[in-house]
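Residue numbers (our numbering): 131 to 398. Report on one structure; see the data block that follows.
If you want it as structure tokens, here you go:
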């Protein structure tokens with residue numbers, strides 16, 4: 131069985147349809163801005179991700195990507211605008227909204243004195259999975275990410291790639307409607323890069339969506355359906371990958387759109 135259950139997601143979607151029977155956007159960012167003192171980190175950002183979409187979030191270091199992701203996960207509050215997850219406002223319906231998402235940061239964090247199995251069990255309890263569901267999901271994600279060889283070892287001995295695989299597995303335990311990943315392929319060998327790419331495709335095929343922040347433009351061309359490019363907190367492009375590459379090679383377009391970026395301190 132795959133790491134993402136299409137039937138379960140479809141049943142959830144049917145029970146949570148909007149009144150007009152059209153499914154809500156998985157992520158709907160409406161005119162969001164965030165300032166840190168005199169620094170305008172995110173400036174009137176609009177971004178919409180429908181069900182079944184892998185969306186690449188691009189920009190140079192310090193462009194405002196991390197700040198945006200933190201607002202999407204409820205870790206930061208926007209100064210203005212709103213963020214909806216499956217139609218739920220992250221600020222006013224935070225608990226329900228956060229149950230529909232999972233976030234995998236670029237630096238995977240594990241409790242050093244827990245084993246991988248204990249960390250996954252802890253995560254399953256946080257999301258309220260009953261034991262039968264948890265055991266089924268544990269078996270699925272452990273097999274998919276090849277965790278069995280080290281699942282009962284303490285996390286303090288894990289390599290970066292092992293940590294990344296455990297954190298990705300934990301993120302998928304509750305079958306999120308929206309998966310937010312920041313540089314998900316860093317530290318993975320080619321075999322597990324392919325596993326992660328396949329899992330992201332499965333999520334989209336099942337009606338979930340992915341917001342992926344990455345600097346690996348080749349992966350964007352291979353995997354993404356749509357792209358948002360930001361620089362200095364401002365949106366420079368939002369549309370399909372094809373629309374972006376119509377303007378030239380993706381690397382050339384990216385550099386041209388961010389040519390005036392100041393290589394100074396990174397935006398929070």
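C-beta: ideal position from N, C-alpha, C; glycine also.
Own chain, CB closer than 6 Å to residue i, minus 5 neighbours either side, in chain order
{"i": "residue 349", "result": "none"}
{"i": "residue 182", "result": "334, 337"}
{"i": "residue 286", "result": "242"}
{"i": "residue 232", "result": "301, 306, 309"}
{"i": "residue 386", "result": "none"}
{"i": "residue 257", "result": "304"}
{"i": "residue 358", "result": "177, 187, 368"}
{"i": "residue 264", "result": "254"}
{"i": "residue 296", "result": "246"}
Cβ-Cβ distance between residue i and residue j below 8 Å
{"i": "residue 190", "j": "residue 156", "result": "no"}
{"i": "residue 175", "j": "residue 199", "result": "no"}
{"i": "residue 272", "j": "residue 281", "result": "yes"}
{"i": "residue 213", "j": "residue 201", "result": "yes"}
{"i": "residue 194", "j": "residue 171", "result": "yes"}
{"i": "residue 380", "j": "residue 351", "result": "yes"}
{"i": "residue 402", "j": "residue 227", "result": "Here the chain comprises residues numbered 131 to 398, so residue 402 is not present and cannot be evaluated."}
Top-ranked residue by Cα proximity to residue i, from the options
{"i": "residue 388", "options": "326, 379, 378, 362", "result": "362"}
{"i": "residue 173", "options": "340, 229, 210", "result": "210"}
{"i": "residue 384", "options": "267, 187, 268", "result": "187"}
{"i": "residue 328", "options": "354, 344, 345, 346", "result": "354"}
{"i": "residue 255", "options": "194, 229, 370", "result": "229"}
{"i": "residue 166", "options": "208, 154, 185", "result": "208"}
{"i": "residue 422", "options": "259, 261, 370, 330", "result": "In the structure as shown, the chain starts at 131 and stops at 398, and residue 422 therefore has no counterpart that could be examined."}
{"i": "residue 246", "options": "375, 366, 262, 269", "result": "269"}
{"i": "residue 298", "options": "322, 284, 283", "result": "322"}
{"i": "residue 343", "options": "324, 316, 320", "result": "316"}
Residues near residue i in its chain [Cβ-Cβ closer than 7 Å; skip 5 each side]
{"i": "residue 318", "result": "291, 294, 326"}
{"i": "residue 364", "result": "173"}
{"i": "residue 340", "result": "184, 185, 309, 311, 330, 333, 334"}
{"i": "residue 356", "result": "183, 185, 369, 370, 371"}
Beta-carbon proximity list for residue i, same chain, < 8 Å, skipping 5 on both sides
{"i": "residue 278", "result": "272"}
{"i": "residue 395", "result": "Caution applies to residue 395, whose pLDDT of 42 falls short of 50 and renders its modelled position unreliable; the value that the coordinates give is listed next. Excluding sequence neighbours, residue 395 sits near 192."}
{"i": "residue 259", "result": "267, 303, 304"}
{"i": "residue 378", "result": "386"}
{"i": "residue 284", "result": "242, 243, 244, 245"}
{"i": "residue 161", "result": "174, 175, 176, 210, 211, 212"}
- Item | contact_flag[the stretch 289-303, the stretch 234-250] where n(CB pairs < 8 Å) is 3 or more | yes
- Query: Quick check: the stretch 306-314 against the stretch 225-240, are there 3 or more CB pairs under 8 Å?
  - Reply: yes
- Item | Uninterrupted beta strand (DSSP E) stretches inside the stretch 339-364 (no shorter than 3 residues) | 339-343, 356-361
- Message: Just to confirm the assignment: which complete alpha helix (DSSP H) runs, minimum length 4, are found wholly within the stretch 269-330?
- Response: 290-302
- Message: Quick check for students: name the residue ranges of the alpha helix (DSSP H) that lie wholly in the stretch 187-213, counting only runs of 4 or more.
- Response: 195-202
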